[in-house]
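Just so you know, we're using my numbering here: the sequence shown kicks off at 8 and counts up by one.
The C-beta atom is built at its ideal place from N, Cα and C for all residues, glycine as well.
Worksheet: one structure, shown below.
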Amino acid sequence: MHFRNSKKGLIYMFRQNCRFLSVHQSIKCNNSDNLTKFYNTNFNQFSCSPISKCFPRTILCSTHIPALQRRDISSNVSDIKNVNGSTLDSPIFEEAVDLAVPTLSKFVKFVSDSKIVELTQSSLLKVHEITGLPWWASIVVTSFAARIIVTLPLHISQIRNAAKLEIIQVEMKDTAQRLQMEAVYLSRHNNWPESWAKANYYSKIREEYNNLIIRDNCHPAKNFILLLIQIPMWVAFSFSTRNLCFMLPVPDTYAQLTYLELTVGGFGWVKNLTSVDNYLILPCTIGLLNLSLLEIHRLFKPKKQMKFEKWIKILLRILIVTTAYFATYLPAATNIYWMSSSLYGLIQVFITNSTRLRRLCKIPIVQSESKHPYKFFYNNLRAKLLNKAVKE
């Protein structure tokens, strides 16, 4: 293939898929085919610092890139051919694919090739293409956008539903006393056995409770909708970032270009998003953010913890530490998604505890709600820190 055609195709693809990089001049080559070719890159207004990156000639110059071809990410992972049908002969790409494909179990492969992962992977690519941001920023923006669009309305709906259930619990106390007096009167008047009187009492309690649930449209199962949506979304984005780092499910030409963008799309100490964080800063940050999120949730609640809640809190702490440990083996791109998701959760806790937002979202006032939630949080945090200081 003529060198000029290869150059034009490369510049066309990098303008479309990596707009935060600008390709300048020409690719400098030697006469020998065994040596490498280089291309000079620098950042435009979206960049943080100038950067120069060198790639082998076989990566960038040996494959024709059709201008109208779109990336197909729904094919089988075993198909390791590019858009022209030729196999990927670059050692860098072969190494990246070999790291991922043999370790995929059937279940992991099924999740990796699923439609929801395909959708999230396409959304990541589209956000990066439209915004022109570096890859680390594209991941953060996509994560925040998904949480705001999908989980924030569900979280507000969950708070509203929980408030209605709390109001019903208060109403049921008076109703239970009234039904208990009726049960005692009927058992004495009709000479019912004690077991019949209890059965009649519990039957009317359930009936009255169901009527209140229907009246306020606040079934307890609605509190689990957010969990059922948020966990699959978290898994899908985790697999999507991993797929991009390992050129999955199909390591075609466009997967190669995305892989190259990720190798220079980081920041600070993690320039290469396809590799792990050798300094362990991202995994430790993920663990600290999740532990802080767990404690902040508790500090906003005025009620005392039940015994089973303490055990749940201990189990969640173990799960958070385990997740941070597994993050040390995952690419930096996946770590950035986890960190941004946890950071958004931390911000969301403070926002959704605002009394103004609660009234704006028509969340009813309940007894457990504090009139000054942020002052209440500060006092609880201060008391907890002082108690720990006294114990020490």
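query = For Thr259, is the classification buried or exposed, using 16 other Cβ atoms within 10 angstroms of its Cβ as the cut-off for buried?
reply = Residue identity check: residue 259 is Asp in the sequence provided, not Thr. Label assigned to Asp259: buried.
query = From Leu255 to Ile155, what does the alpha carbon distance come to, in whole angstroms?
reply = 27 Å
Residue environment, Gln263, which counts as buried when at least 16 other CB atoms sit within 10 Å = buried
ask   = Does the region 181 to 195 come close enough to the region 237 to 249 to have 3 or more Cβ pairs within less than 8 Å?
value = no
key: Alpha carbon of Ala144 to alpha carbon of Cys252, nearest angstrom   = 16 Å
key: Inter-residue spacing [alpha-carbon to alpha-carbon] between Phe231 and His196   = 44 Å
task = Kindly indicate which residue of Leu301, Ala390, Gln165 and Ile293 has the alpha-carbon position closest to the one of Asn342.
result = Ile293
Alpha-carbon spacing of Asp120 relative to Arg324, whole angstroms = 31 Å
ask   = Would you call the CB atoms of Val283 and Ala339 closer than 8 Å?
value = yes
message = Taking 8 Å as the limit between beta carbons, can you name the residues of its chain near Met313, skipping five residues before and five after?
response = none
ask   = Considering Gly294, what are the terminal residues of the alpha helix (DSSP H) in which it resides?
value = Ile288 to Leu306
key: Three-state secondary structure (DSSP) of Val283   = coil
ask   = Whose CA, out of Ile137, Ser164, Val124 and Lys171, lies closest to the CA of Gln374?
value = Lys171
ask   = For the candidate residues Ile303, Trp142 and Leu132, whose alpha-carbon lies nearest to that of Asn387?
value = Ile303
message = Pop quiz: Tyr266 and Thr281 are said to be a contact at Cβ under 8 Å. What is the actual Cβ separation, rounded to whole angstroms?
response = 7 Å
ask   = Distance, Cα to Cα, Ile123 vs Phe114?
value = 15 Å
inquiry  = In the DSSP output, which residue or residues are listed as bridge partners for Val191?
reply    = For Val191, which the question treats as bridged, DSSP gives no partner whatsoever.
ask   = Lys378 to Val157, Cα distance in whole Å?
value = 28 Å
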